[in-house]
Amino acid sequence: MMAVLEEQVDEAMKTMICHLIDKKLKYDHYKSTHFFLLSIFILYTVTMLFLCYTLVIIPNNFSMINSLTQLLGSRYLIFLFLAGVFLFGVLKYYFDKKEKAEAEFHDLRCELIEKSQEMWRKEQWGNRHKVFDQLKQKYDINMYYESK
Numbered sequence: 001m002m003a004v005l006e007e008q009v010d011e012a013m014k015t016m017i018c019h020l021i022d023k024k025l026k027y028d029h030y031k032s033t034h035f036f037l038l039s040i041f042i043l044y045t046v047t048m049l050f051l052c053y054t055l056v057i058i059p060n061n062f063s064m065i066n067s068l069t070q071l072l073g074s075r076y077l078i079f080l081f082l083a084g085v086f087l088f089g090v091l092k093y094y095f096d097k098k099e100k101a102e103a104e105f106h107d108l109r110c111e112l113i114e115k116s117q118e119m120w121r122k123e124q125w126g127n128r129h130k131v132f133d134q135l136k137q138k139y140d141i142n143m144y145y146e147s148k
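Just so you know, UniProt numbering puts 100 at position 100 of the sequence shown, and the rest follows in order with no gaps.
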């Protein structure tokens, strides 16, 4: 990628493209981490519902008061519930990080698209598609349109 950048763009544009690639990699990292944690959370929730149903609700003949008493009386179920709350907090944290990284990436990409006419020299304007195509192929960054 750098070889194409060396030939086609000046130093300022190269720096901006490198920052854009860094933002994209950061966004992809948070996106994949969030998806992994979301999958774990869904699996955890389904497992907890199954455990509560089979270990608490069915033995108490669907009595709400007895079920709550047994649920609050057992330490391991409360511990598992608190672990679920912690997992939800971590999931929310990574969701916010992912959203912030996506906004930063999208803003920088839009800024680069807007400034591309100013930053590409006249003689290199026709060759910019080589750089844009490589960004699309290697990093899945669309530099032709501002829409996501």
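The C-beta atom is built at its ideal place from N, Cα and C for all residues, glycine as well.
| message | Are the CB atoms of F81 and Y27 within a distance shorter than 8 Å? | response | Taking a C-beta distance under 8 Å as the contact criterion, Y27 and F81 do not qualify as a contact pair.
| request: Just tell me which of C110, I40, I141, W125 has its CA closest to the CA of G84. | output: It is I40 whose Cα lies nearest to the Cα of G84.
| query | What do you reckon, are the CB atoms on H34 and F95 nearer than 8 Å? | reply | A distance below 8 Å separates the beta carbons of H34 and F95.
| field | Whole-angstrom distance between N127 and N142, CA atom to CA atom | value | 16 Å
| task | Using the Cα positions of E99 and V46, report the straight-line distance between them to the nearest angstrom. | result | 26 Å
| What span of residues does the alpha helix (DSSP H) with residue 149 cover, start to end? | Here the chain has residues from 1 to 148 only, and residue 149 is not among them.
| query | By the 10 Å Cβ neighbour count, where 16 or more other Cβ atoms means buried, how is L72 classified, buried or exposed? | reply | exposed
| said: Check this for me: beta carbons of L112 and M16, under 8 Å apart or not? | reply: yes
| Around the Cβ of M64, are there at least 16 other Cβ atoms within 10 angstroms (buried) or fewer (exposed)? | exposed
| query | Does DSSP put E11 in a helix, in a strand, or in coil? | reply | helix
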